[in-house]
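All remarks here apply to the structure that follows.
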Amino acid sequence: MNRKITLFTFIVFFLSCLPIPLLATAYAETAPSFLLTADKPVDGKITLTMSGKNIDDLYGYEAKLTFDPDRLELAKAESELDGFSVQPIVKNNEITLAHTKTGNKAGESGDFIIGTLTFKMKKDGASSVKWISMKAVNRNLAVHTYSVEESVSVASPKKGFIDLDGHWAKADIELLASKGIVEGMDEHHFVPQGQVTRAQFAALISRALKLKTNAEEIPFADVAPDSWYKDVVTSAYSAGIIQGMTETRFAPEKDITREEMAVMIVRAINHVRGSASEDTTGAAMTFADSESISEWAKEGIHLSVRLGIINGRTEDRFVPQDRATRAEAATVMKRLLSALNLL
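Number 14 in UniProt numbering belongs to position 14 of the sequence shown; there are no gaps in the numbering.
Following this line, the structure appears as structure tokens:
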């Protein structure tokens, strides 16, 4: 369908193909009104309900709402009317919903629920969703546009993970969780000692730096087009932040090592600043296990340590080949964002 045709035009076109009764249904004497309400958040999601009162013969509609895309993400939209719905259109901060009944039947009348929207809450803090307008069409194609201007406040409770009590990375993890940069393994557990895959760290960097998704081809045969990490790997690769284990293999499910993480951090700084802004020429490693650091990682580790973004596991050992933990990855990311003045 030509994208210049609006959803509402589509509904009117569809309805025009149906048999039209000879007698038009009169609108109720009492003016219709619309209400938007919000349930309590559950498992990081919140459901909003769109209701109508004193409605007369609602056969199809187009509803427009606005929201804060930095804090909310539309997960699902459903109509309570029978018939079929057009896929919701989300453009910037605006949502367009459209639905129509089918067949030669009366529209809905009275007080009833029109539909629901479920949002994923991406960050802590308050935001709002506003129902701007409602175009209503009855079974005879009579159209009326209502200015709704009904809004609800949406507040996400502060994320707290029960397995972080007393943990050294608790503050950093909860800060990034509140901004939607890191997520728990479930609603209540972060699992700070768990490992991080190369794909997961690419996703972490992409979210933290808000890297743009693009259609650039990547050379990695092990990154499937339908994998959850395809977009984040593509974005991080295009930004020059990640490289493959070989020219054609990224190893997305391999746990990332501490030296790999340090090198990616320096590349992220280069992407944002144009350079890491530090002179590493002639600098010597101060770790007792510096000989176990891969040659390609030495400069990245040295620079990230000098910038205070990553530390050794102990005062004199970096342990470059060890797998990075989720707590380490979160802390490194928080320090990176602080160094770049992005927090």
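All C-beta atoms in this analysis are idealised placements derived from N, C-alpha and C, irrespective of residue type, glycine included.
{"Check": "How long is the line joining the alpha carbons of I162 and F190, rounded to whole angstroms?", "Outcome": "8 Å"}
{"Check": "Taking just the CA atoms, how far does S127 sit from S153?", "Outcome": "6 Å"}
{"Check": "Starting from G300, follow the alpha helix (DSSP H) in both directions and report where the run begins and ends.", "Outcome": "298-306"}
{"Check": "According to DSSP, is H144 part of a helix, a strand, or is it coil?", "Outcome": "strand"}
{"Check": "Three or more C-beta pairs closer than 8 Å, one from the segment 34-51 and one from the segment 100-109: is that the case here?", "Outcome": "no"}
{"Check": "I'd like the span of the alpha helix (DSSP H) that includes A203, first residue to last.", "Outcome": "198-209"}
{"Check": "According to DSSP, simplified to helix, strand and coil, what is M121?", "Outcome": "strand"}
{"Check": "Would you report the Cα separation of L72 and D289, rounded to the nearest angstrom?", "Outcome": "45 Å"}
{"Check": "Using a Cβ-based criterion (distance less than 6 Å to any ligand heavy atom), does N270 qualify as near the ligand SAM?", "Outcome": "The ligand SAM is not part of this structure, which contains no ligands at all."}
{"Check": "Within 7 Å of any Cβ in chain B, is that where the Cβ of W228 sits?", "Outcome": "Among the protein chains of the structure shown there is no chain B, as only one such chain exists."}
{"Check": "Give the range of the alpha helix (DSSP H) segment to which S85 is assigned.", "Outcome": "Counting along the chain, S85 falls outside any alpha helix (DSSP H), though it belongs to the beta strand (DSSP E) covering 84-91."}
{"Check": "So what does DSSP say about R323, is it helix, strand or coil?", "Outcome": "strand"}
{"Check": "Using alpha carbons as the reference points, say which of K254, M261, V266, F201 lies closest to T234.", "Outcome": "F201"}
{"Check": "Smallest Cα separation from residue 344: which of E80, D70, V86, S304?", "Outcome": "Residue numbering for the chain in the displayed model covers 1 to 343; residue 344 lies beyond these limits and cannot be assessed."}
{"Check": "Could you tell me the distance, in whole angstroms, from the CA atom of A327 to the CA atom of T66?", "Outcome": "36 Å"}
{"Check": "Would you identify the three-state DSSP class for T47, choosing helix, strand or coil?", "Outcome": "strand"}
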